[in-house]
Amino acid sequence: MATSLVTDYRANEWTDLVQKGQKLVGSESSAQFALGDIGLEMVPLPPKGQRPPMKAFKLLATYADEIGLERETFEAYRLVSGAWPKKQRVRGVCWTVHSILSHRPDRFELIHNPPVYRKTGERRWTCDAAHRVMGWKTQVAETAEERLRQVEEQLDDEMAVEVVERVMRRPAVVKRVADKPHVRETFNRAQASRIREAREETRKLPEVQKLNEQQEVLTVLGLCSAFASGIGRTLPGLHLAELSEDAKDSIREGLSRVTAAVEWTEHVLQTGSTDMDAALERLIAGEG
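Quick note on numbering: this note's numbering labels position 101 of the sequence shown as 106, and the sequence is numbered without any gaps.
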C-alpha cells in the first residue's frame with residue numbers, strides 16, 4: 006500500500022512495520038558501535054584534559070575515508086563508544102539515544118530508567134525522550150511548553166506582534182493575561198520606556214527646544230530679579246553701617262554665598278557642566 010499516512014494502515018500492519026523498523030535500527034546501532042570500537046582500538050580515549058597527537062587524527066581520517074565515512078561521523082562513533090563501555094550499552098536502545106545521553110554523567114543509571122512513551126504507555130527510550138531529558142529541542146512536541154516553543158520559533162518579531170494583537174482581541178484572553186503579575190510588570194516597563202522615548206523625541210523638536218530655552222532663561226532671570234529687587238527695596242531702610250562687626254560678618258558670609266552662586270552660574274554658562282565640588286555645595290547651601 007503506497008502511502009505514508011498512519012491512518013491508512015490497519016493496526017496489525019502498522020505494528021509489523023514498526024517491529025521491522027526497530028530491528029533495522031538495532032542492526033544499524035550495532036554497526037555504529039562496532040565502528041566506534043574500531044576507532045577506539047586505533048586511538049584510545051586519552052586521559053581527561055589531554056588530546057591525542059595530530060597523527061592520530063590523521064589516522065582516523067584516513068580510515069574513515071577508505072571505508073566511505075565522513076571523518077566527523079567516524080569520530081562521533083568513536084566518542085560514543087568511548088562514553089559507553091560494552092557492558093554499559095543497553096540492547097534495544099538505539100545508538101542515537103546512547104549518543105545523546107553520553108553527555109550525562111549519570112548516563113549508566115539513567116538509561117535503565119526510560120520515561121513513559123505516551124503513545125503506548127510503555128517505558129522506552131526515543132530520541133525525543135532523550136532530547137527532553139537533556140533539555141534540548143524535540144521533534145514532536147508533547148508538553149504545552151514544547152508546543153509553545155515550536156510556535157515561538159516559527160514567528161519572527163513582526164509576525165509575533167501581529168499574533169499578539171489578534172489574540173488580544175479575545176476578552177477572555179486579555180483578562181487572563183492581565184491577571185499575570187509578570188506580564189503586567191513587563192508591559193508597564195515597556196510603556197514607561199516608550200513614554201520616555203516619546204518625551205525625548207519631543208524635547209528634540211526645534212519649537213520645543215526654543216520654548217524650553219525661553220523657560221530656562223526666564224527662570225534664571227527671575228531668580229536674579231528677585232534678589233536684585235529685594236536688595237533694592239530693603240537696603241535703603243537698613244542701618245548696616247551701625248551694625249556690630251559680628252553682624253557685618255554674618256552679612257558678608259551671606260554675600261559670599263551669593264557671589265559663589267553667581268560664579269558657579271557663569272561656569273555653567275561657559276561649560277554646560279552643573280557639577281560642583283563638595284566645598285562649593287556646602288558654601289551655597291550655607292553649611293560651610
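We put the beta carbon where it would ideally sit given N, CA and C, even for glycine.
Check for me: the alpha helix (DSSP H) holding Val-48 runs from which residue to which?
Premise fails: Val-48 is in no alpha helix (DSSP H) and is neither H nor E.
Can you list, in chain order, the residues of its chain with a C-beta nearer than 6 Å to that of Met-6? Leave out the 5 residues immediately preceding and following it.
Because Met-6 carries a pLDDT of 36, less than 50, the predicted location of this residue cannot be relied on, and no value is offered for it.
Suppose the cutoff is 8 Å on Cβ atoms and the five residues either side in sequence are ignored; what does the same chain contact list for Ser-9 look like?
Confidence is the limiting factor: at Ser-9 the pLDDT is only 45, short of 50, which leaves the residue's position unreliable, though a coordinate-based value still follows. Excluding positions up to five away in sequence, the list is empty.
Ordered along the chain, which non-local residues of its own chain (more than five positions away) have a Cβ less than 8 Å from that of Phe-232?
Within the same chain, Phe-232 has close Cβ partners Val-263.
Taking the alpha helix (DSSP H) that Trp-269 belongs to, which residues open and close that run?
It spans 250 to 276 - the alpha helix (DSSP H) in which Trp-269 sits, taken as one unbroken run.
Taking all protein chains shown into account, decide if Val-275 is buried (16 or more other Cβ within 10 angstroms of its Cβ) or exposed.
This sequence places Gln at residue 275; Val is not what is there. It counts as exposed.
Rounded to a whole number of angstroms, what is the C-alpha to C-alpha distance between Leu-70 and Phe-79?
What sits at residue 70 in the sequence shown is Asp, not Leu. Cα to Cα, Asp-70 sits roughly 9 Å from Phe-79.
Write down every uninterrupted run of the alpha helix (DSSP H) in the stretch 80 to 119 whose length is 4 residues or greater and which is fully enclosed by it, in chain order.
Counting whole runs of 4 or more residues, the stretch 80 to 119 contains the alpha helix (DSSP H) stretches 100 to 106, 112 to 115.
Buried or exposed for Asp-133, please, with buried defined as at least 16 other CB atoms from any protein chain shown within 10 angstroms of its CB.
With 16 or more other CB atoms across the displayed protein chains lying within 10 angstroms of its CB, Asp-133 is buried.
In terms of residue numbering, what span does the alpha helix (DSSP H) encompassing Ala-69 cover?
59 to 72
How big is the Cα-Cα spacing for Glu-258 and Gly-277?
27 Å
On the DSSP bridge list, what partners appear for Arg-194?
Bridge partners of Arg-194: none, in fact.
So what's Arg-175 in DSSP terms, helix, strand or just coil?
coil
Determine the extent of the alpha helix (DSSP H) in which Ala-135 is found, giving its start and end residues.
132 to 139
For Arg-129, name the three-state secondary structure that DSSP assigns.
Reduced to three states, the DSSP call for Arg-129 is coil.
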